[in-house]
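Structure, as C-alpha cells:
Protein chains in written order, with the working numbering: chain A, 243 to 417; chain B, 105 to 399.
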C-alpha cells in the first residue's frame, strides 16, 4: 500500500501561521472560511470561472475553490482580510473602491481588490483595456464593471501619489 | 466518502513509482483547474464512492517539469509549466508565437496562473486551446513510465479518441517539445467562443506558414472543438504547398477543412455553425499568417 503523506499542513494566512489536519479532498476555500473563519473570500461557482474565491498563494492570485488545501502545505496565503493595515487602515485600493462606489452586493469585491493589487504591482499605470483584461476571470453581476474599472484607475493614482510622497519623505529624511 | 489519499512525490522517479503501485487509481494533480472540478463531479455522480480508493498524486514538487529551455534543436517545455508563464515567455513568443497566442486565451488570468500545458493536453478535451497550436507547431510529447522508460510521440498521435490519449497506465507527460529548425515561424491562433473570458472554444484554430520566396513551402493547421480530438487539416496544408497565397487561394484551400472535421451539436453551437466557422477561420488564418510571414 502506498504511504500517504499525513494530511497535516502548516501554512501562513495573512501573516499568521496555522497548523491544520485536512481531508485530502478539502478545498482551500472551505478551510479558509470554515476552519479559519475568514469569510471574505467567497465560494461562488466552485469551478474556477467566477473569481469570487480569489486569494494570493505565494503572491500569485489563485482560485481557492479549485485548490486543494493539502497542496498548500508551506505556502503563504493572503486573503482580503490581509489587505488592510493591522490597525484597520484601508489600503489605497480599498479606499478607491469606496470612493468610486465600485461595490454593490460585494460578493466579487474581495477578488476584484486582490486582482487590482496584482495588476498594479506588475503595472502601476495600466490602461483601461489592461485593467479589463486583468479582471476577466472575476465576474460581477451588479455594477457593469465601470465603477470597478474607475476604482482601479483611481487606486493607481492614489498609489502613485503615495509612493511619490514616500519618496519625498525619504529625501527629506536623508537631508 | 473521503476515499482519496494524497501524495506529493519529491521527484520524477518517486512519482512514477507511485503511479506503478498495483491497485492504485491515481488522480494526477498539476494545476488542478480541471482535476478538482472533476473530482467534485465524480463524487456527485458516485464514481468516487464504493471500493475505489483514489490517490491524488501532486506533481508540484517536480521542478524538472517546470520551465522553458532551448536544448539544441528543440524548445523543451516542462509539462507542468503554467499557461501564464508560456504566454509571457520571451522564447515562446519569439520562436513559437502560435503557442504563446493560444496559451493566452485559455480561461482567465487566474486560471492561467495555475493551469499547465501538460494538463491541457492530458485531459484530451477536443476544445483544449493549446492542442491545435502545438499541432501546428509540429510538437512532440515526451512520456515517462516506470522503470526509467521514456518515449517521444508526435502530438498528432497522442490524441487517440474522444478524451483518450496514448498514455499507458503508469505513464505521465513530462515535456512538450517543439522542433526549432527554421524558427521563428509565422504563426497565428484564433478562438471563437461565446464570451471573451473563460470561454470554452466553439472553434479554435492555429496556423503556421513558412514561405520560400513568395510561395508556401510548408503550412501546418490545427483545429479544436470540431472533431472528437484536436486535428491537423492535412488536406488544406497539402493544397497550400507551392502556392502563392492570396485571399482567393486561402478561401479555396480552406474548403478542404471539411475532410478533417466532424463537428457536433452541443450547448455552445450547432454542428453546421461549427463547420461554417471552421472554414471561415481557417481561410482568415491562412491569409493573415501568410501576410505575417511576408513581413
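All C-beta atoms, glycine included, are put in the ideal place defined by N, C-alpha and C. No experiment lies behind these values; they were computed from the predicted model shown.
My guess is that residue 167(B) and residue 283(B) are in contact by the Cβ rule of under 8 Å, so how many angstroms apart are they, rounded? Here residue 167(B) corresponds to residue number 63 of the second chain, with the count starting at 1. Here residue 283(B) corresponds to residue number 179 of the second chain, with the count starting at 1. At roughly 25 Å, the Cβ-Cβ gap does not stay under 8 Å, so residue 167(B) and residue 283(B) are not in contact.
Pick from 135(B), 120(B), 285(B) that is closest to residue 128(B), judged by C-alpha positions: The residue given as residue 128(B) occupies position 24 in the second chain. Of the candidates 135(B), 120(B), 285(B), the one whose C-alpha sits nearest the C-alpha of residue 128(B) is 120(B).
By a C-beta neighbour count over all protein chains shown, 10 Å radius and 16 as the cutoff for buried, is residue 311(B) buried or exposed? Counted from its first residue, the second chain places residue 311(B) at position 207. The residue is buried, with at least 16 neighbouring Cβ atoms inside 10 Å.
For residue 159(B), the residue or residues it bridges with in DSSP: Taking the first residue of the second chain as position 1, residue 159(B) is located at position 55. Looking at the DSSP assignment, residue 159(B) forms a beta bridge with 109(B), 130(B).
What's the call for residue 365(B), buried or exposed, on a 16-neighbour Cβ count within 10 Å? On the second chain, position 261 is the one that residue 365(B) refers to. It counts as buried.
Let me make sure I understand the geometry here. Which of 180(B), 113(B), 117(B) has the alpha-carbon closest to that of residue 313(A)? In the first chain, counting from the first residue as 1, residue 313(A) sits at position 71. Nearest of 180(B), 113(B), 117(B) to residue 313(A), Cα basis: 113(B).
Chain-ordered chain A contacts of residue 136(B) [CB-CB under 8 Å]: The count along the second chain starts at 1 and reaches residue 136(B) at position 32. In chain order: 308, 309, 310, 313.
Can you list, in chain order, the residues of its chain whose CB lies under 7 Å from that of residue 418(A), leaving out five sequence neighbours each side? A query on residue 418(A) cannot be resolved here, the shown segment of chain A reaching from 243 to 417 and no further.
Range covered by the alpha helix (DSSP H) that runs through residue 373(A): Here residue 373(A) refers to the residue found at position 131 when the first chain is read from its first residue. Here the alpha helix (DSSP H) through residue 373(A) covers 370 to 376.
Are the CB atoms of residue 375(A) and residue 357(A) nearer to each other than 8 Å? Looking up residue 375(A) in the first chain gives position 133. Looking up residue 357(A) in the first chain gives position 115. For the 8 Å CB-CB criterion, residue 375(A) and residue 357(A) do not form a contact.
So, for residue 378(B): in the same chain, excluding its five sequence neighbours on each side, which residues have a beta-carbon less than 6 Å away from its beta-carbon? Start at 1 with the first residue of the second chain, and residue 378(B) comes out as number 274. Excluding sequence neighbours, residue 378(B) sits near 307, 330, 367.
Once the 5 residues before and after residue 135(B) are set aside, which same chain residues still bring their CB inside 7 Å of it? Within the second chain, the letter at position 31 stands for residue 135(B). Only 186, 218, 219, 220, 223 meet the Cβ criterion.
Could you give the DSSP three-state label for residue 262(B): helix, strand or coil? Residue numbering aside, residue 262(B) sits at position 158 when the second chain is read from its first letter. Of the three classes helix, strand and coil, the one that applies to residue 262(B) here is helix, per DSSP.
For the stretch 381 to 400 of chain A against the stretch 341 to 356 of chain A, do three or more pairs of beta-carbon atoms, one drawn from each stretch, fall closer than 8 Å, so that the two count as touching? yes
According to a CB-to-CB cut-off of less than 7 Å, which residues of the stretch 375 to 389 of chain A neighbour chain B? Cβ contacts with chain B: 376, 378, 379.
For residue 261(A), does the count of other Cβ atoms within 10 angstroms reach 16, so buried, or fall short, so exposed? Taking the first residue of the first chain as 1, we reach residue 261(A) at position 19. Looking at its Cβ environment, which holds fewer than 16 other Cβ atoms inside 10 Å, residue 261(A) is exposed.
Would you say residue 183(B) and residue 191(B) are within 8 Å of each other, going by their C-beta atoms? For the purposes of this step, residue 183(B) is taken as residue 79 along the second chain, with counting starting at 1. For the purposes of this step, residue 191(B) is taken as residue 87 along the second chain, with counting starting at 1. Not closer than 8 Å, so no.
For the alpha helix (DSSP H) containing residue 339(B), list its first residue and its last residue. One-based indexing of the second chain puts residue 339(B) at position 235. Note, residue 339(B): alpha helix (DSSP H), 338 to 344.
Backbone CA spacing between residue 163(B) and residue 230(B) [nearest angstrom]: Looking up residue 163(B) in the second chain gives position 59. Looking up residue 230(B) in the second chain gives position 126. Roughly 24 Å separates the two Cα atoms.
Quick one: what's got a C-beta closer than 8 Å to residue 249(A)'s C-beta in the same chain, skipping five residues either side? Numbered from 1 along the first chain, position 7 holds the residue referred to as residue 249(A). Within the same chain, residue 249(A) has close Cβ partners 263, 264, 265, 266, 312.
Would you call the CB atoms of residue 359(B) and residue 240(B) closer than 8 Å? As a working note, residue 359(B) is residue 255 in the second chain. As a working note, residue 240(B) is residue 136 in the second chain. Not in contact: residue 359(B) and residue 240(B) (Cβ atoms no closer than 8 Å).
Partners in chain B for residue 305(A), counting only beta-carbon separations shorter than 8 Å: Position 63 of the first chain, counted from the first residue, corresponds to residue 305(A). Correct list: 137, 214, 215, 218.
Against chain B: residues of the stretch 283 to 305 of chain A by CB proximity under 7 Å: If the cut-off is 7 Å between Cβ atoms, the stretch 283 to 305 of chain A has 288, 289, 290, 291, 293, 296, 302, 303, 304, 305 near chain B.
So with Cβ pairs under 8 Å, would you call residue 141(B) a contact of chain A? Numbered from its first residue, the second chain carries residue 141(B) at position 37. When Cβ-Cβ separations below 8 Å define contact, residue 141(B) makes contact with chain A.
So, with DSSP's three-state summary, where would you put residue 413(A)? On the first chain, position 171 is the one that residue 413(A) refers to. With a pLDDT of only 48 at residue 413(A), under the threshold of 50, the placement of this residue in the model should not be trusted; the figure read from the coordinates follows. Of the three classes helix, strand and coil, the one that applies to residue 413(A) here is helix, per DSSP.
Whole angstroms are fine: how far does the CA of residue 347(A) sit from the CA of residue 337(B)? In the second chain, residue 337(B) corresponds to position 233, counting from 1. In the first chain, residue 347(A) corresponds to position 105, counting from 1. Near 48 Å, if we compare the C-alpha coordinates of residue 347(A) and residue 337(B).
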